[in-house]
Structures are given as C-alpha cells and as structure tokens.
Amino acid sequence: MNIYVACGLTHVPREIFVCYVAFLHKLAASLHSLPTVETVKYALVDSDPQLAFKPKSDQAALCYDWDRRMVEEADLIVADASFPSTGLGIELQIAETGGKPIIMLIGDHGINRVKSAHYKNPDHSAHSLQVGEGIVSLMALGLPAIRKTLLYSDFDAGVEMAVEAVRLYT
C-alpha cells in the first residue's frame, strides 16, 4: 500500500511549527512501519525540499504537479486538516475525484479554532456563518471520500489514532 500524508503547512502558527513538523515526520515513520505499507510520501520530504533548487518561476507549477502525482499514486490519503490550506483542499478534491479513501486527522491545538461570525444579507436577514466546529470547513468535511475523521488534542495521540485507522485498510 502507498500512502500520501497530506497537510497544510503555510498557516501553521510559527510557535508550534517545529512540533507540527516533528509530528508529521513521526506520523510518516509510524505509518511506514506497518508491514503492508510500501511507501509513505509527504511534502516535507518529497517535494518542498526539492522546490528550493528550482527557479522561482517554476516552483508553483512543479509543486502542483509533484503533489498531485503523489495523491494520484497513493492508495490511501492520511490528511491532517488542522490548519487552513488551499493546497490541502485541492489535494482532497484530487483524492475524491480519483476515488482515493481519506482518513482525516483534525488536531485541536487551542489556537486553530475560529469563532462564529455573524452577517446580514441584502434582504436584511441576519445569519451566523456556518463554521462547523471551527477548525475544518463543512465543505471539506462533507467529502464523500472521507472514511474516518479523527479528532486529536496531542500529537502522539494523533499518530496512534492514524496508525490504528490505517490498519483497517491494510
């Protein structure tokens, strides 16, 4: 089995960035240690470092091509959706279109939950913005390819929960 670990990195608060990166490395290593897992790919190892050596004018297209290919070549996507990310949303849609099952991790880190917002429409009706639980958008949570959604509050628990969920597919 080939796994792609998808995540958003751009908007990870810098005060936990180092811990989040360590979490992703531990998650990948733990998944790779499962007997039926052949490969585990993820941006921190398999695309981002390589982009630094490419011309700036080509980096965006290469990033899209490489990350898309990793999603397409995977049998299973393990997606950490703890932080807002346009790229992660695109990867999730690519997985959905390709019929790839997704295990979604959602970390509640105490600093990544948005508060409710209120607005009025032109007809003067008042509404509350539908933000779900305030970490992952309702649209993303509604993807039919999501087979399991796992909420974690510490990184070690997130790794353990992901490994157990992946075992179901191996």
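Reading the sequence shown from the start, the letters are residues 2 to 171 in our numbering.
Just so you know, even glycine gets a beta-carbon here, dropped at the ideal spot from N, CA and C.
Here the structure is a predicted model, which is why all the values come from computation and not from measurement.
query	result
Sequence-distant residues of the same chain with beta carbon closer than 7 angstroms to R69, five excluded per side	I95
Extent of the continuous alpha helix (DSSP H) run through A163	F156 to R168
Other residues of its chain near P32: CB distance less than 8 angstroms, five sequence neighbours each side excluded	The displayed chain sequence assigns Leu, not Pro, to residue 32. Around L32: I4, V6, V38, V41, V79, A163, V164 and V167.
Bridge-paired residues (DSSP) for V6	Y43 and V79
Length at least 3, wholly inside the stretch 102–138: the beta strand (DSSP E) runs in chain order	103–108, 119–121 and 127–129
Cα-Cα separation between M140 and A44, rounded to whole angstroms	24 angstroms
Which listed residue (I91, G111, E74 and V115) has its alpha carbon closest to that of C8	I91
Own chain residues within Cβ distance below 7 angstroms of V115, not counting five before or after	V132 and G135
6 angstroms CB neighbourhood of E97 in its chain, flanking five on each side removed	L144 and A146
Distance CB(L63)-CB(I107) smaller than 7 angstroms	no
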